[in-house]
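Residue numbers (the numbering used here): 105 to 310.
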């Protein structure tokens, strides 16, 4: 009789312990799986987050920039004698210097005969800018009367972009032509006045 009671007691104890072990195992497995999934998701978020943030910051910085030019012209700039596009005429922009510019309709607000340059320079923030379009001859410090050759080192006095004024630059290309200032509304609805500069081959009548 005693042996039977002991045997029954031991059987019950083993059964209870088995139930406890079974009930804990899924929780531990689930916990491990949850940790792995959480870590994996976190890593995935980190990998995807940075490019998106960088893109957002770049867009915000670009959108916050004032694309309008000054109403004050560079000293010595001469009005064009016979421009392809008359002041006040409507044109379409065929260049993408700035976001939301290409394809929009614009009004010619000024036309000038000069030498126009694309330049590479390093602004105050230290991030190099290559092949910036455009600066005109009159926006360079003491350029002399004649157009400068590609490769010439110059100092920029224009302030089209942050950190440009006073920057040392290298002339990439030069062209003697008519340049225009234009008024337009970007594809995102931003009004831009007297934007400097576009060339005739960056505009079309239709």
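Glycine is no exception: its CB is placed at the ideal position from the N, C-alpha and C atoms.
*Bridge-paired residues (DSSP) for residue 273*: 225 and 258
*Around the C-beta of residue 180, are 16 or more other C-beta atoms found within 10 angstroms, so that it is buried, or is it exposed?*
exposed
*Quick one, which of 186, 198, 239 and 303 has its alpha-carbon nearest residue 274's?*
239
_Give me the residue from 261, 271, 250 and 205 with the minimum Cα distance to residue 234._
271
_With three or more beta-carbon pairs closer than 8 Å as the criterion, would you say the segment 186–197 touches the segment 248–255?_
no
*asked:* Classify residue 142: buried if its beta carbon has 16 or more other beta carbons within 10 angstroms, exposed otherwise.
replied: With a pLDDT of 38 at residue 142, under the threshold of 50, the modelled position of this residue cannot be trusted, and the question is left open.
*Does DSSP put residue 241 in a helix, a strand or coil?*
helix
*For the candidate residues 245, 204 and 251, whose alpha-carbon lies nearest to that of residue 279?*
251
*Going by the C-beta, is residue 247 closer than 6 Å to any heavy atom of the ligand SAM?*
This structure lacks the ligand SAM; in fact it carries no ligand of any kind.
*Helix or strand or just coil, what does DSSP make of residue 287?*
strand
*Report buried or exposed for residue 243, applying the criterion of at least 16 other Cβ atoms within 10 angstroms of its Cβ.*
buried
*Helix, strand or coil for residue 304 per DSSP?*
helix
*Should the segment 200–215 be called in touch with the segment 283–291, which here means at least 3 C-beta pairs below 8 Å?*
yes
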